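Numbering (UniProt numbering), first residue to last: 1 to 575. All residues carry an ideal CB built from backbone N, CA and C; glycine is no exception. Here the structure is a predicted model, which means the values were calculated and not measured.
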Amino acid sequence: MCRLRQIGCSLGPGRLLSSRGKRGRASQTTPTTRDLFPRDRSTLCLKPRPPVVTVMGHVDHGKTTLLDWLRKTSVAEREAGGITQHIGAFSVQLSTGERLTFLDTPGHAAFSSMRARGASLTDIAVLVVAGDDGVMVQTRECVDLVRSAGVPLVVAINKCDKPGAEPVSLPALLHSLGSLLQPCVPYNEKERVEEELLQCGVQLERFGGDVQSVRISAVTGRGVPQLEEALLAEAELNAVMGDPSGPVEAVVIESHVDRGLGPVASVVVRHGTLECGAVLVAGRTWGKVRAMFDERRKPMREAPPSTPVLTVGWRDLPTSGDNCLQADSESAARSMVQHRASTPARLSGVRENRESGEGGEGVGVVVKGDMVGSVEVVVQVLEKRQPEGAAVRVIHSGVGAVTDSDVELAASTGSVILAFGVSSTKSVKALARQKNVTIHSHTVIYKLLELLKEHVKGTLPWREEEEVVGEAVVLRTFTLTGARAASVGGCVSRVVDSFALPPSDFFEMERYGEVVHEGLVSAMKQGKNDVSEARKETECGLSFSSSSVQWREGDVVIAFNKRRVPPSLDWDFGF
């Protein structure tokens, strides 16, 4: 059986492992709280550890391609839709023997949620900015997130191998143009990007600040070694430290249900050294580690600080960003989880079954996904970026395939089901058809949300628009007597090409800018002939269906068509 690694450091009784192999107390617990807390930093035996680096930036600026180059795999090609779907973590060993641990987040939303839970896992943030695009909307949002989290920043100006991103050589330019060109300094896109970053409050070293910037090409690897050196220098400058001894403290990066292994969670160790047999508590669940794997699914024997590891043996799925702490025993872990379950949570993770949205307005949504992080991102988009002119409410969210209970819940609340990266069985689809429940499925988040957008748009009412099809001014009035008695206005058509009777839906008569009558025209004549339209600048006689209409010279008659227009929906998902 696996045992916890024993690393001695005499910092006091009951805190760490003794030299004879007895387990020390996990983390700080008291009879009053009956809970686990991270150890006091003053009690830790701190040693340098690899920095944990989060890569951020605008969509399509090259975050995944950079990480792909670093770990020499084809992640960028495998990712559905070409964008990062899940939070991933991996370690890179440099030629010097030093290591870097990288996190790949699906946009800024996941980073924000981790920070909101107090999981200060990131040591350094890399902001990837495309040299040809420059600073974009998400770039600014990432800068704000990094600043509010107090995380050191390194800027990677990517795509320097593309035209427009690479500085132009002045001697080469002068040589090619000869003496016809006066000496001048070509426009440098790198300088433009740096100036835009300065406007966002990023104080680069070039402008006397302390933020390093490196020009790279994530496709060719150019500049990547310099980026790694900059990260190591930043880690040394900020004294990135960890305690490899004592009870394990980690942070949950991702969790999902594996068909063969059951509930699994990817964690990054902060303190302690994780081995098989450790009992871990994260949020309101716990587990005893039965097996550990690295990012390539190779078995691991131990995981020191800053190591990403896939852990097997959880009772339920922990939430991304949860602190993961080691307990003394399984019974202690059960007690702590029960205590937490009886205490109102200050911060919510993935929602449990709830029907608080029942009876509310808007389109209800049941969100199911393959991983906790995926579900959280979808839920955050739906909650924080509501469409204009419509409302969307999340009824329930969870991990796993769409089930009969999901369909029943959607049917009872009038909701639609979003299935992100998960499938539905034939029986579930049949039940959904029977209950008239719509299931939208996709493996790309923005395409899934586009399906929801079309669904929401389909629930909105059609608008009725009025189109002016003709306008005429009354030149004189006269009255018909006898069987055809009526008040008639002699008009001349103007403004539009023709003044049509059908298919006009209704007419208005305006006098001095105010509508004095609305209704239908009973007849339109030119001379003694009935006509259906009068061309521009031609005269005609008009009579309204109502005999009470009083015509006056100078009145304006306007013909309208009414048409039903399908609804439009403005919904910015933020990526």
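Do residue i and residue j have their C-beta atoms closer together than 8 Å?
{"i": "V269", "j": "P304", "result": "yes"}
{"i": "R393", "j": "V416", "result": "no"}
{"i": "V267", "j": "C324", "result": "yes"}
{"i": "R511", "j": "D572", "result": "no"}
{"i": "V378", "j": "V363", "result": "no"}
{"i": "D558", "j": "E465", "result": "The residue asked about is misnamed: residue 558 is Ile in this sequence, not Asp. Going by C-beta atoms, I558 is not nearer than 8 Å to E465."}
{"i": "L153", "j": "V193", "result": "no"}
{"i": "L231", "j": "I157", "result": "no"}
{"i": "C414", "j": "S374", "result": "Inspection of the sequence shows that residue 414 is occupied by Gly rather than by Cys. Against a cut-off of 8 Å, the Cβ pair of S374 and G414 comes out as no contact."}
{"i": "F560", "j": "V428", "result": "no"}
{"i": "E302", "j": "L274", "result": "yes"}
{"i": "H61", "j": "A149", "result": "no"}
{"i": "M524", "j": "H517", "result": "no"}
{"i": "V155", "j": "L204", "result": "yes"}
{"i": "A333", "j": "V312", "result": "no"}
{"i": "A288", "j": "E330", "result": "It should be pointed out that residue 288 corresponds to Lys in this sequence rather than to Ala. Cβ atoms of K288 and E330: closer than 8 Å."}
{"i": "E408", "j": "R563", "result": "no"}
{"i": "V372", "j": "L452", "result": "no"}
{"i": "W286", "j": "V337", "result": "yes"}
{"i": "H271", "j": "L44", "result": "yes"}
{"i": "M56", "j": "V135", "result": "no"}
{"i": "V143", "j": "G201", "result": "yes"}
{"i": "A278", "j": "W314", "result": "no"}
Quick one: using the 10 Å Cβ neighbour count with 16 as the cut-off for buried, is residue i buried or exposed?
{"i": "S568", "result": "exposed"}
{"i": "E553", "result": "exposed"}
{"i": "K159", "result": "buried"}
{"i": "Q138", "result": "buried"}
{"i": "W462", "result": "exposed"}
{"i": "E228", "result": "buried"}
{"i": "S213", "result": "buried"}
{"i": "F544", "result": "buried"}
{"i": "D406", "result": "buried"}
{"i": "F507", "result": "buried"}
{"i": "E533", "result": "buried"}
{"i": "V565", "result": "exposed"}
{"i": "E376", "result": "buried"}
Please classify residue i: does DSSP put it in a helix, a strand, or coil?
{"i": "V375", "result": "helix"}
{"i": "H61", "result": "coil"}
{"i": "P567", "result": "coil"}
{"i": "H508", "result": "It should be noted that the sequence gives Glu, not His, for residue 508. In this structure, E508 counts as strand in the three-state DSSP scheme."}
{"i": "Q526", "result": "strand"}
{"i": "R142", "result": "According to the sequence shown, residue 142 is Cys rather than Arg. Reduced to three states, the DSSP call for C142 is helix."}
{"i": "D132", "result": "coil"}
{"i": "L280", "result": "strand"}
{"i": "A432", "result": "helix"}
{"i": "S266", "result": "strand"}
{"i": "A534", "result": "strand"}
{"i": "G541", "result": "strand"}
{"i": "Q338", "result": "helix"}
{"i": "R259", "result": "coil"}
{"i": "V557", "result": "strand"}
{"i": "T413", "result": "helix"}
{"i": "V456", "result": "helix"}
{"i": "E466", "result": "strand"}
{"i": "W551", "result": "coil"}
{"i": "E98", "result": "coil"}
{"i": "L325", "result": "strand"}
{"i": "L475", "result": "strand"}
{"i": "E275", "result": "strand"}
{"i": "V137", "result": "helix"}
{"i": "L520", "result": "coil"}
{"i": "S91", "result": "strand"}
{"i": "R296", "result": "coil"}
{"i": "residue 580", "result": "This structure leaves residue 580 out entirely; the chain is present only between 1 and 575."}
{"i": "K447", "result": "helix"}
{"i": "L153", "result": "strand"}
{"i": "R49", "result": "coil"}
Kindly say whether residue i, judged by its beta-carbon, lies nearer than 8 Å to any beta-carbon of chain D.
{"i": "E467", "result": "Protein chain content of the structure displayed is limited to a single chain, and chain D is not contained in it."}
Would the C-beta of residue i count as close to the ligand NAP, meaning under 7 Å from any of its heavy atoms?
{"i": "A432", "result": "Looking at this structure, you won't find the ligand NAP or any other ligand, since it has none at all."}
(message) If contact is defined by three or more beta carbon pairs under 8 Å, each pair taking one atom from either stretch, is the stretch 320 to 335 in contact with the stretch 276 to 285?
(response) yes
(request) Please determine if the stretch 293 to 308 and the stretch 238 to 245 are in contact, where contact requires at least 3 C-beta pairs separated by less than 8 Å. (result) Taking one beta carbon from each stretch, the stretch 293 to 308 and the stretch 238 to 245 have 3 or more pairs nearer than 8 Å; the two touch.
(message) Give the list of continuous beta strand (DSSP E) stretches no shorter than 3 residues that lie fully inside the stretch 374 to 407.
(response) 392 to 399
(message) Contact between the stretch 88 to 101 and the stretch 39 to 54 is defined here as three or more beta-carbon pairs at a separation below 8 Å; is this criterion met?
(response) yes
(request) Determine contact between the stretch 54 to 68 and the stretch 215 to 226, defined as no fewer than three beta-carbon pairs at a distance below 8 Å. (result) They touch, by the three-pair rule.
(message) Whether or not the stretch 380 to 392 and the stretch 431 to 440 are in contact is what I'm after, with contact meaning three or more pairs of Cβ atoms, one per stretch, closer than 8 Å; do they touch?
(response) Segments in contact, no.
(message) Just to confirm the assignment: which complete alpha helix (DSSP H) runs, minimum length 4, are found wholly within the stretch 188 to 252?
(response) 189 to 199, 224 to 237
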